[in-house]
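Counting in UniProt numbering, the sequence shown runs from 1 upward without gaps.
Even for Gly, the Cβ is constructed at its ideal location relative to N, Cα and C.
Here the structure is laid out as structure tokens; the discussion comes afterwards.
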Amino acid sequence: MTSDAIKHTDHGDRKLVTFSVSFYIVTALVMVLVNKWVLNIVSVPITFLWAQIALAVVFFHLSSVFNLFVIPKLNLRTCISLTPLITINVVGLTFNTLCLQYLDASFYQVARSLVLPFTVALSWLFLKKKSSTMASLACGIICGGFMVGVRGEVTSLDVSYTGVIFGVISSITTAAHAIIIKKSLEVVNNNTMELVYYNNFLSALTLIPVIFLNSEIQGLFSLFGSQENHLLVYTFVIGVLVTGFFGFLINIAGFLQIKVTSPVSHMISSAVRGVLQTILAVYFFGDDLTGSRVFGIALILIGSTFYTYIKDSEFRRDEIIKSKDAGEKV
Numbered sequence: 001m002t003s004d005a006i007k008h009t010d011h012g013d014r015k016l017v018t019f020s021v022s023f024y025i026v027t028a029l030v031m032v033l034v035n036k037w038v039l040n041i042v043s044v045p046i047t048f049l050w051a052q053i054a055l056a057v058v059f060f061h062l063s064s065v066f067n068l069f070v071i072p073k074l075n076l077r078t079c080i081s082l083t084p085l086i087t088i089n090v091v092g093l094t095f096n097t098l099c100l101q102y103l104d105a106s107f108y109q110v111a112r113s114l115v116l117p118f119t120v121a122l123s124w125l126f127l128k129k130k131s132s133t134m135a136s137l138a139c140g141i142i143c144g145g146f147m148v149g150v151r152g153e154v155t156s157l158d159v160s161y162t163g164v165i166f167g168v169i170s171s172i173t174t175a176a177h178a179i180i181i182k183k184s185l186e187v188v189n190n191n192t193m194e195l196v197y198y199n200n201f202l203s204a205l206t207l208i209p210v211i212f213l214n215s216e217i218q219g220l221f222s223l224f225g226s227q228e229n230h231l232l233v234y235t236f237v238i239g240v241l242v243t244g245f246f247g248f249l250i251n252i253a254g255f256l257q258i259k260v261t262s263p264v265s266h267m268i269s270s271a272v273r274g275v276l277q278t279i280l281a282v283y284f285f286g287d288d289l290t291g292s293r294v295f296g297i298a299l300i301l302i303g304s305t306f307y308t309y310i311k312d313s314e315f316r317r318d319e320i321i322k323s324k325d326a327g328e329k330v
């Protein structure tokens with residue numbers, strides 16, 4: 001391959017990475033803000049989550065009608081092989097939704113800020129990828145931001161400990177999900193769209209018993225059984241339509257981003273999204289920004305940025321070493 005061809009390929013790869021990251025951030029922001037708007041009004045969070053995923057499946061089938069997507073034939077062996085992905089996805093989405101219901105949209109970022117440290121820890125435990133001292137220090141800064149934010153908020157604004165715990169669990173499952181996706185792609189021959197469809201379809205089925213476990217049946221009867229609740233029903237339906245569509249997009253965006261970048265890059269873009277989310281939450285929901293919340297978010301952003309710098313430096317160093325070794329062999 002000529003040098004011009006290599007430059008052209010790199011340029012194309014950068015365009016794809018930029019598009020996938022931007023696509024993910026925009027769709028994720030819309031999802032969080034609309035979700036928070038609906039969860040502030042209705043009291044059936046898991047049903048709302050299930051409706052979003054079910055609608056995303058419907059969009060897949062509509063896409064197949066216009067030959068934009070081929071619905072894969074469900075294979076029992078594939079379904080069984082994807083059990084870890086579906087389990088972690090359902091658990092993660094459930095606690096993520098409950099976390100958003102219990103906390104302000106701006107503080108939601110702090111509560112889920114441990115995604116990157118957990119990603120690094122799980123990569124070390126399961127993928128045997130060790131981090132350098134400086135990378136570990138960056139994760140320590142993020143953990144410090146989490147503790148500063150949580151301690152200050154719980155003291156000054158009586159923020160729900162339950163919401164914070166849900167956020168931590170959601171962080172663990174999100175980190176695991178990003179790693180498991182890489183493994184799960186092998187099950188479907190690296191077909192991203194097929195994996196997205198399986199993930200949504202099986203997750204929708206799995207969430208049905210969770211609705212009962214969360215005792216939402218009575219809330220559903222209360223929501224749809226009274227003529228006085230037409231405004232709530234309208235909010236619920238509009239919320240489902242918007243988040244269902246963007247949920248369909250964010251599944252593609254998230255899986256695409258992880259495929260063309262890496263789990264850690266995926267987490268970095270999530271951190272950037274969190275900062276934008278905080279600004280928009282203050283604007284749309286009037287969230288309070290206390291000193292501890294701002295300082296916590298600042299530390300989280302600094303730690304994430306520092307981590308990105310360290311990993312990029314390490315990558316460039318490794319590439320130089322590989323090039324030198326290749327030159328010596330020639």
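Would you say residue i touches the ligand MN, meaning its beta carbon is less than 8 Å from a heavy atom?
| i | result |
| --- | --- |
| G144 | Of ligands this structure carries none, so the ligand MN is not represented either. |
Assuming residue i and residue j are in contact, meaning their beta carbons sit under 8 Å apart, how far apart are those beta carbons, in whole angstroms?
| i | j | result |
| --- | --- | --- |
| I86 | I211 | Wrong, their Cβ atoms sit about 16 Å apart, outside the cutoff. |
| V110 | F166 | About 13 Å; that fails the 8 Å criterion. |
| A135 | V120 | 7 Å |
| V42 | F48 | 6 Å |
| R112 | S171 | 5 Å |
| F60 | N191 | F60 to N191, Cβ: 13 Å. No contact. |
| V275 | I310 | The Cβ separation is near 20 Å, so there is no contact. |
| P72 | E186 | Contact flag wrong, Cβ pair sits at about 15 Å. |
What's the gap between the Cα of residue i and the Cα of residue j?
| i | j | result |
| --- | --- | --- |
| D318 | K324 | 10 Å |
| C143 | P117 | 8 Å |
| M31 | L39 | 12 Å |
| I169 | G92 | 7 Å |
| A105 | K322 | 45 Å |
| S3 | F315 | With a pLDDT of 41 at S3, under the threshold of 50, the modelled position of that residue is not reliable, and the figure given next carries that caveat. Approximately 21 Å between the Cα atoms of the pair. |
| Y283 | A175 | 29 Å |
| L29 | L280 | 9 Å |
| I302 | I141 | 8 Å |
| I320 | D312 | 12 Å |
| L249 | D288 | 30 Å |
| W124 | G225 | 51 Å |
| L202 | T78 | 11 Å |
| H177 | L82 | 12 Å |
| G247 | Y108 | 19 Å |
| V70 | S132 | 43 Å |
| N214 | T206 | 13 Å |
| V44 | E228 | 17 Å |
| V65 | G286 | 43 Å |
| Y198 | I300 | 34 Å |
| L33 | G239 | 10 Å |
| L68 | L62 | 9 Å |
| N189 | L127 | 20 Å |
| S304 | R293 | 16 Å |
| V196 | V21 | 17 Å |
| L74 | K130 | 37 Å |
| V237 | T308 | 40 Å |
| S23 | L76 | The question names Ser, yet the displayed sequence has Phe at residue 23. Taking the straight line from one Cα to the other gives about 32 Å. |
| T94 | F221 | 21 Å |
| V90 | T235 | 24 Å |
| F19 | L55 | 25 Å |
Using beta-carbon positions only, say whether residue i and residue j come within less than 9 Å of one another.
| i | j | result |
| --- | --- | --- |
| I208 | P84 | no |
| L100 | K36 | yes |
| A51 | G219 | no |
| G152 | T290 | yes |
| L98 | G149 | no |
| A204 | I53 | yes |
| T173 | N96 | yes |
| R273 | I25 | yes |
| V233 | L241 | no |
| A138 | F295 | no |
Nearest chain D C-beta to residue i closer than 9 Å, yes or no?
| i | result |
| --- | --- |
| Q101 | Of the chains in the structure shown, none is chain D; there is only one protein chain. |
Looking at the secondary structure, which residues open and close the alpha helix (DSSP H) in which residue i lies?
| i | result |
| --- | --- |
| R77 | 76-81 |
| A45 | Contrary to the premise, residue 45 reads as Pro rather than Ala in this sequence. It spans 45-65 - the alpha helix (DSSP H) in which P45 sits, taken as one unbroken run. |
| Q109 | 105-111 |
| V120 | 115-126 |
| L223 | 217-224 |
| S203 | 192-213 |
| I165 | 161-184 |
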